[in-house]
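Structure record follows, encoded as structure tokens.
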Amino acid sequence: MEDTIVWLPEKTGCYSTKMITLPPTGVSKPLFPWLLWNLWTCRNQLLFEDKKFTESEVLNKAIRDAKEWSLAQVILPPKPPSPPPPR
Numbered sequence: 224m225e226d227t228i229v230w231l232p233e234k235t236g237c238y239s240t241k242m243i244t245l246p247p248t249g250v251s252k253p254l255f256p257w258l259l260w261n262l263w264t265c266r267n268q269l270l271f272e273d274k275k276f277t278e279s280e281v282l283n284k285a286i287r288d289a290k291e292w293s294l295a296q297v298i299l300p301p302k303p304p305s306p307p308p309p310r
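Under the numbering used here, the first residue of the sequence shown is numbered 224, with each subsequent residue one higher.
Okay, structure coming up:
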């Protein structure tokens with residue numbers, strides 16, 4: 224299934240969008256910034272290192288990076304204060 228935005232006419236004469244999405248990725252935040260970042264870095268690797276990536280490799284790396292970032296954002300509970308050193 225292709226990821227597209229469809230503009231549908233409403234009874235009021237206005238148009239609204241309906242997004243047809245890709246299968247679930249396990250990422251709860253927008254994937255768009257990660258996709259752009261990976262397109263940019265893969266482009267740089269093509270230009271400077273002559274490394275080529277397929278579309279699916281770029282997409283999979285974007286999903287993997289987004290998941291990794293989400294996991295790194297987990298807030299750990301604060302440590303209890305340690306007792307002062309003896310005098």
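Positions of the beta carbon are idealized from the N, C-alpha and C atoms, including for glycine.
The stretch 288-298 and the stretch 252-269 touch, with three or more beta-carbon pairs separated by less than 8 Å. Taking 8 Å as the cut-off, the Cβ atoms of residue 288 and residue 267 do not count as close.
Around the beta carbon of residue 257, a 10 Å sphere encloses 16 or more other beta carbons of the protein chains shown; the residue is thus reported as buried. The C-beta separation of residue 275 from residue 269 comes to about 6 Å, placing the pair in contact by the 8 Å criterion. When DSSP assignments are scanned along the stretch 234-310, the uninterrupted stretches of alpha helix (DSSP H) that are 4 or more residues long and fall wholly within it turn out to be 255-272 and 278-295.
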